[in-house]
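In the numbering used here, the protein residues as written are 8 to 762. Down below is the structure, laid out as structure tokens.
Right under this line is the structure:
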């Protein structure tokens, strides 16, 4: 009995072990179900010749072709000194013709080849393209003739008889061709006893979906593209439904577990004259600028959810500089007013120190609770990082454990076992995409009761991506920018086309410094010690020794800083910042830049998030094509933060039609982070965002595309909520329940947590 859980060996018991190993190890397919869920990437129409636009030496090619000529000849085999036979065939496609040669030592086989490959025969031909004597050849071809032959084997006959109007072409691995998969999958479909249908019949009818067995047959052996479309509709919906059920279960779980309401001042506080005032009220009074409407609305939502008897789980996303931190600070103060503690987890020491400085400055005497000169309504703000001196670290740990520190800010050091909280009420995770669910949970587990959770990202996420990736969180979006944010002009500096533009870049930097402003110069690596593809040995300079280009070599902080200091930017106060510096040196450098003691900061992407220097107006990104779209948008957001117009220069050596140049042009064309996130996703596809590299396994969204399939995802989310509302354990849909359990209890849902 063959079922989806049967090992592939059950299908290929008598087959070649090497082929079975290629399927199992090369493609990562172990069961019959895995095999049947390995879907074709494209199809060839069996009723017409395949259009071939151009051929490339060494490429694997599968085409529908017609035998245009067939010529038999004899020759002397020099190894055996015997007569041998060769059949030279010309295969006609809708494009270039291909030559094929079939060799044999026996006349009987030569005659058989000549008979089956007669002029006019149609079939599928697969092999490697080669160039010989000015002609294109298909070497070592596999073939399946549509008319069949009396001598064809059982597998070939089964495959041909099950072939529809389209021939499937599968994703392959080295040493395996589409023939092997086609034969194995065709055999599997004929012997499979049952195909479990995950989608309940009522939903299939409502959504106009075919059943699972039909979808499987139509995806692997379709008669036409209409059947392919119907099969894909079923498969995409099925995947969306399982994913949304997992996420809906998590939302339901969060609603069921108990949590402590955080309502602000303790019950019994009275209003009116002489009433005790909380830190939040005082903070709001002192804010030097009005909250935006979005900040007020989201804060009200957060406060309402923190007042419930179950924990809040909310994602706050917004543009760079949209004011997410103020929303988070207000939520933390609400918890402090409730007698609890709030923690902010940041991915880097630079960002955590920046948060510590900015939040302390915002709070003023509210950050000195219990100390001389501190506000009675205030609390202590404590920083904890991994590289702090032991004495400072010990003091911070005591403040956290005793509850004296109502607001705690730190890096991964907060996750260590010996970090204990007195009453943790709110976990804020900044730059959520830098953390996995395990880290978020490790911090939440330090609370006496499940804490409220607010995760933030400045990398805007399209609605359907957020629904799929962060579907266990409620989502808030800050779309407006606070007053004082100036426009940022972005220009591509294409040195391959205009090599003389780089001196103008450094001249523009000097002009900005002369106005009293500051500049970032960002490089993709720290030093030039490690060789990179395309590197040359030295930086180029002009006749006066000024750095004019980094052509051929990725810009490195240490080299660029020296070259600029000695050349184009000589006389300016410069600093260097990168991840290999010690914590004290990094903090000292950032403090100097914030204070205006440095004109230019040459840095890696450690300044990508959280760094807020109002006087910085220009950012020069060297080898900008080495950064992703979202990263470029984040980096650009470091300038124009103080009401002064910003300028971002994207320096590149890429060719005009390269993917790297396309990314840079996209960033230069708009400052809308949500539009850029869509462009980024379309360029990279979900495999990079939600794929194996994110979760540590091979599972990814196989059929869904979160931008293309928005309607499917929305429909699946609605149906998931309705199904769980009527049948929380999915007793009436056992196959669906099993699929949901498998995703929940395996590592396969990691992609939804670690994007």
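Beta carbons are placed, not taken as given, at the ideal position from N, Cα and C, and that holds for glycine. Model, not experiment: these values are computed from the prediction.
Just list the beta strand (DSSP E) runs in the stretch 336-373, keeping only unbroken ones of 3 residues or longer that don't cross its boundaries, in chain order.
348-352
CA-to-CA distance, residue 202 to residue 8, given in whole angstroms
What you label residue 8 is simply residue 1 of the chain shown in a count that begins at 1. What you label residue 202 is simply residue 195 of the chain shown in a count that begins at 1. Between residue 8 and residue 202, the C-alpha separation is close to 13 Å.
Report yes if the C-beta distance between residue 223 and residue 244 is below 8 Å; otherwise report no.
Indexing the chain shown from 1 puts residue 223 at position 216. Indexing the chain shown from 1 puts residue 244 at position 237. Going by C-beta atoms, residue 223 is not nearer than 8 Å to residue 244.
Taking all protein chains shown into account, do 16 or more other C-beta atoms lie within 10 angstroms of the C-beta of residue 260, making it buried, or fewer, making it exposed?
Taking the first residue of the chain shown as position 1, residue 260 is located at position 253. Counting Cβ neighbours within 10 Å, residue 260 comes out exposed, since fewer than 16 surround it.
Between which residues of its own chain and residue 363 is the CB-CB distance below 8 Å, once the five residues before and five after are set aside?
By 1-based counting over the chain shown, the position of residue 363 is 356. Hits under 8 Å: 388, 390 and 416.
Residue(s) in a DSSP beta bridge with residue 582
As a working note, residue 582 is residue 575 in the chain shown. DSSP lists 608 as partners of residue 582.
In angstroms, rounded to a whole number, what distance separates the CA positions of residue 290 and residue 358?
Within the chain shown, numbered from 1, the residue matching residue 290 stands at position 283. Within the chain shown, numbered from 1, the residue matching residue 358 stands at position 351. Straight-line Cα distance between these residues: approximately 22 Å.
Collapsed DSSP secondary structure at residue 680 in the structure displayed
Reading the chain shown from its first residue, position 673 is the one you call residue 680. Helix.
Is the beta carbon of residue 600 less than 8 Å from the beta carbon of residue 586?
The residue labelled residue 600 in the question sits at position 593 within the chain shown. The residue labelled residue 586 in the question sits at position 579 within the chain shown. It is not a contact, given that the beta carbons lie outside the stated cut-off.
N- and C-terminal bounds of the beta strand (DSSP E) containing residue 459:
Locating residue 459 in the chain shown gives position 452, counting from the first residue. 459-464 is the extent of the beta strand (DSSP E) around residue 459.
Pull up the distance between the alpha-carbon of residue 403 and that of residue 413, whole angstroms please.
Your numbering for residue 403 matches position 396 in the chain shown. Your numbering for residue 413 matches position 406 in the chain shown. Between residue 403 and residue 413, the C-alpha separation is close to 12 Å.
Just to confirm my understanding: we take residue 180, look at its own chain, exclude 5 residues before and 5 after, and list those with CB closer than 7 Å. What are they?
Position 173 of the chain shown, counting from 1, holds the residue named residue 180. Cβ within range, chain order: 29, 33 and 34.
Please say whether residue 335 and residue 322 have beta carbons closer to each other than 8 Å?
Your numbering for residue 322 matches position 315 in the chain shown. Your numbering for residue 335 matches position 328 in the chain shown. Going by C-beta atoms, residue 322 is not nearer than 8 Å to residue 335.
Are there three or more Cβ pairs, one per stretch, closer than 8 Å when the stretch 12-19 is compared with the stretch 36-46?
yes
Drop a sphere of 10 angstroms on the beta-carbon of residue 578, count the other beta-carbons inside from all chains shown, and report buried for 16 or more, exposed for fewer.
Sequence index remark: in the chain shown, residue 578 carries index 571 (1-based). With fewer than 16 Cβ atoms within 10 Å of its Cβ, residue 578 is classed as exposed.
Apart from the five residues just before and just after residue 633, which ones in its own chain have a Cβ nearer than 6 Å to its Cβ?
Position 626 of the chain shown, counted from the first residue, corresponds to residue 633. Only 531 meet the Cβ criterion.
With DSSP run on the structure shown, which of helix, strand or coil describes residue 132?
Taking the chain shown and counting its residues from 1, one reaches residue 132 at position 125. Residue 132 falls in the strand class under three-state DSSP.
Presumed contact (8 Å Cβ cut-off) between residue 527 and residue 614, rounded CB distance
As a working note, residue 527 is residue 520 in the chain shown. As a working note, residue 614 is residue 607 in the chain shown. About 6 Å; that satisfies the 8 Å criterion.
Rounded to a whole number of angstroms, what is the C-alpha to C-alpha distance between residue 699 and residue 709?
Residue mapping note: residue 699 aligns to position 692 of the chain shown, counting from 1. Residue mapping note: residue 709 aligns to position 702 of the chain shown, counting from 1. Residue placement at residue 699 is poorly supported in this model, since its pLDDT is 33, which falls under 50; the coordinates still yield a value, given next. So the alpha carbons of these two residues sit roughly 11 Å apart.
Residue 344 and residue 266 - do their beta-carbons sit closer together than 8 Å?
Position 259 of the chain shown, counting from 1, holds the residue named residue 266. Position 337 of the chain shown, counting from 1, holds the residue named residue 344. No, these two residues do not count as a Cβ contact at 8 Å.
What is the DSSP secondary structure of residue 101, reduced to helix, strand or coil?
Taking the chain shown and counting its residues from 1, the one referred to as residue 101 is at position 94. Here residue 101 sits in strand by DSSP.
According to the Cβ coordinates, are residue 6 and residue 381 closer than 8 Å?
Because residue 6 is not part of the residues shown, which for the chain are 8 to 762, the question remains open.
Rounded to the nearest angstrom, what separates residue 668 and residue 138 at their Cα positions?
Taking the first residue of the chain shown as 1, we reach residue 668 at position 661. Taking the first residue of the chain shown as 1, we reach residue 138 at position 131. Their backbone Cα atoms lie some 33 Å apart in a straight line.
Measure the beta-carbon distance from residue 176 to residue 227 and round it to whole angstroms, keeping in mind my assumption that it falls under 8 Å.
Counted from its first residue, the chain shown places residue 176 at position 169. Counted from its first residue, the chain shown places residue 227 at position 220. At roughly 12 Å, the Cβ-Cβ gap does not stay under 8 Å, so residue 176 and residue 227 are not in contact.
DSSP has residue 481 in a bridge; who is on the other side?
Locating residue 481 in the chain shown gives position 474, where the first residue counts as 1. DSSP, once it has assigned bridges, lists 321 as partnering residue 481.
Proximity of residue 463 and residue 437 at Cβ, strictly below 8 Å
Within the chain shown, residue 463 is the residue found at index 456, counting from 1. Within the chain shown, residue 437 is the residue found at index 430, counting from 1. Yes, Cβ-Cβ distance for residue 463 and residue 437 is below 8 Å.
Are the stretch 651-658 and the stretch 502-514 touching by the rule of at least three beta carbon pairs closer than 8 Å?
yes
As a quick exercise: from 120, 114, 91 and 129, pick the residue whose alpha carbon is nearest that of residue 98.
Numbered from its first residue, the chain shown carries residue 98 at position 91. The residue with the shortest Cα to Cα distance from residue 98 is 129.
Classify residue 211 as helix, strand or coil using the three-state DSSP reduction.
For the purposes of this step, residue 211 is taken as the residue at position 204 of the chain shown. Looking at residue 211 - three-state DSSP - the assignment turns out to be helix.
For residue 446 and residue 725, what's the separation of their Cα atoms in angstroms?
Here residue 446 refers to the residue found at position 439 of the chain shown. Here residue 725 refers to the residue found at position 718 of the chain shown. C-alpha separation (whole angstroms): 30 Å.
Cβ neighbours of residue 66 in the same chain (closer than 6 Å, five flanking residues each side left out)
As a first step, residue 66 must be located in the chain shown, where it is residue number 59. So the list reads 136, once near-sequence residues are dropped.
Helix, strand or coil for residue 144? Go by DSSP, reduced to three states.
Along the chain shown, one-based indexing puts residue 144 at 137. DSSP places residue 144 in strand when its eight states are reduced to three.
Are the CB atoms of residue 94 and residue 742 within a distance shorter than 8 Å?
By one-based count along the chain shown, residue 742 stands at place 735. By one-based count along the chain shown, residue 94 stands at place 87. No.
Euclidean distance between Cα positions of residue 457 and residue 263
Reading the chain shown from its first residue, position 450 is the one you call residue 457. Reading the chain shown from its first residue, position 256 is the one you call residue 263. Cα to Cα, residue 457 sits roughly 11 Å from residue 263.
Using 10 angstroms around the beta-carbon of residue 791, count the other beta-carbons present and answer buried if the total reaches 16, otherwise exposed.
Because residue 791 is not part of the residues shown, which for the chain are 8 to 762, the question remains open.
From which residue to which residue does the beta strand (DSSP E) around residue 174 run?
Reading the chain shown from its first residue, position 167 is the one you call residue 174. Segment 173-176, the beta strand (DSSP E) holding residue 174.
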